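For reference, the structure discussed in these notes is given below.
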Amino acid sequence: MILHKSIFITGTGTDVGKTYIAAGICFQLASRLLDKKLSYIKPIATGVDTLNEDFEFIKKELASLNNFHCSSILEYIEPASPYISALAENKVIDYSQILKETNSLISQNDLSVIEGAGGLMVPITENKMMIDLMSDLKLPVIVVAHFDLGTVNHTLLTLDKLQEKDIPILGVVLNQPNQGDRELFSCAVKSNAHEIERVSGLEVLGQMEYDEDFESNNFKCIAEKILEQC
């Protein structure tokens, strides 16, 4: 039985498509669990002026699902790390309060998808990083990585750091966040998933095409893997 379960979506860096992958996962989970309360939670967002575009994207895409809602805690204007963005507004982030509020939101739902800002080592405060929030929330993690050349290195470094902190890893999702020519690095693209699995021993849950439909088999398979572990 699902009860206050959560997953944390992180990435190998900025602009790898974490929000898009989070939206697809939320769509699949909410569609399957119509009698459960599901939530997308963004503890900290930066680069937000008058409108949180990522937040609004998810609300729009999942507007038809009555059992789903979105929550955000802190938003800052400057497109930088939470620590720097807060300083730019002469503010200081209370890490313990972020942790408390995130846990409170999780407790109000049957299943929550939490999305981090940037990658693991993005500073939240002077001495707390995004990876600390993942560790303190005690949540299993899905790592979103770019499908392109260089992703094996970036992904393995991210996985190693998570394992150093004993953070459970559900798997990796390779994503194509921008429309481009996959044939340019076709050899690398075709071998990335195999190499990540071979070296890390962890599963690549899906390899997403650009703007892939939320009802695709890739998203369905990822949702099934999540539910197996919940």
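For the sequence shown, our numbering assigns the number 7 to the initial residue and increments by one for each residue that follows. All C-beta atoms in this analysis are idealised placements derived from N, C-alpha and C, irrespective of residue type, glycine included. Since the model is a prediction, treat every value here as computed from it, not as a measurement.
How do the segment 204-214 and the segment 176-185 stand: do at least 3 beta-carbon pairs fall below 8 Å, yes or no?
At 8 Å Cβ cutoff, the stretches touch.
Kindly indicate which three-state DSSP category Y46 falls into: helix, strand or coil?
Three-state result, Y46: strand.
Exposed or buried, A229, counting other C-beta atoms within 10 Å across all chains shown (16 or more means buried)?
Classification for A229: buried.
Distance check for Q185 and I104, CA to CA, integer angstroms please.
In a straight line, the C-alpha of I104 is about 35 Å away from that of Q185.
Which residues does DSSP list as the beta-bridge partners of N181?
Answer is H152.
On the three-state DSSP scale, how would you describe A36?
DSSP places A36 in helix when its eight states are reduced to three.
Is it right to say S87 is buried, meaning 16 or more other beta carbons lie within 10 angstroms of its own, or is it exposed?
Buried.
Would you check if the distance between the CB atom of V150 and the CB atom of M140 is smaller than 8 Å?
No, the Cβ-Cβ distance between V150 and M140 is not below 8 Å.
Applying the 10 Å Cβ sphere with the 16-neighbour rule, what's the burial state of K97?
K97 should be labelled exposed.
Measuring alpha carbon to alpha carbon, tell me which residue in E221, A123, S192 is nearest S78.
The candidate whose alpha carbon is nearest that of S78 is A123.
Which residues in the same chain as K24 place their Cβ atom closer than 6 Å to its Cβ, once the five residues preceding and following it in sequence are excluded?
Once the five neighbours on either side are set aside, the close Cβ partners of K24 are I15, G17, E121, V150.
For the pair the segment 32-41 and the segment 216-232, tell me if three or more CB-CB distances fall below 8 Å.
Touching, yes, given that three or more Cβ pairs across the two stretches are closer than 8 Å.
Going by alpha carbons, who is nearest to I47 out of Y216, N223, V119, E201?
Of Y216, N223, V119, E201, the residue nearest in Cα terms is V119.
Near E95, what residues of its chain come up, given a Cβ to Cβ distance below 8 Å and the 5 sequence neighbours on each side ignored?
So the qualifying residues of the chain are Y82, I83, E84.
Let me confirm a value: D55 is counted as buried when at least 16 other C-beta atoms fall within 10 Å, else exposed. Which label applies?
Under this definition D55 is an exposed residue.
Quick one: is S113 buried, meaning 16 or more other Cβ sit within 10 Å of its Cβ, or exposed?
S113 is exposed by the Cβ-count criterion.
Nearest to S197 by CA position, among T131, G156, S110, is which residue?
Measuring from the Cα of S197, the nearest candidate turns out to be G156.
Can you tell me whether S247 is helix, strand or coil according to DSSP?
No statement about residue 247 is possible, as the shown extent of the chain runs from 7 to 236 and does not include it.
If we ignore side chains and look at the alpha-carbon of each, how far apart do F33 and L180 end up?
In a straight line, the C-alpha of F33 is about 18 Å away from that of L180.
Express the C-alpha separation of E221 and A199 in angstroms, rounding to a whole number.
Going by the C-alpha atoms only, they are around 22 Å apart.
Near Y216, what residues of its chain come up, given a Cβ to Cβ distance below 8 Å and the 5 sequence neighbours on each side ignored?
The residues are Q182, P183, N184, Q185, G186.
Less than 8 Å between the beta carbons of P129 and Y101, yes or no?
Their beta carbons are not under 8 Å apart, which means P129 does not touch Y101 by this criterion.
Quick one: give me the first and last residue of the beta strand (DSSP E) that K11 is part of.
Start and end: 11-17.
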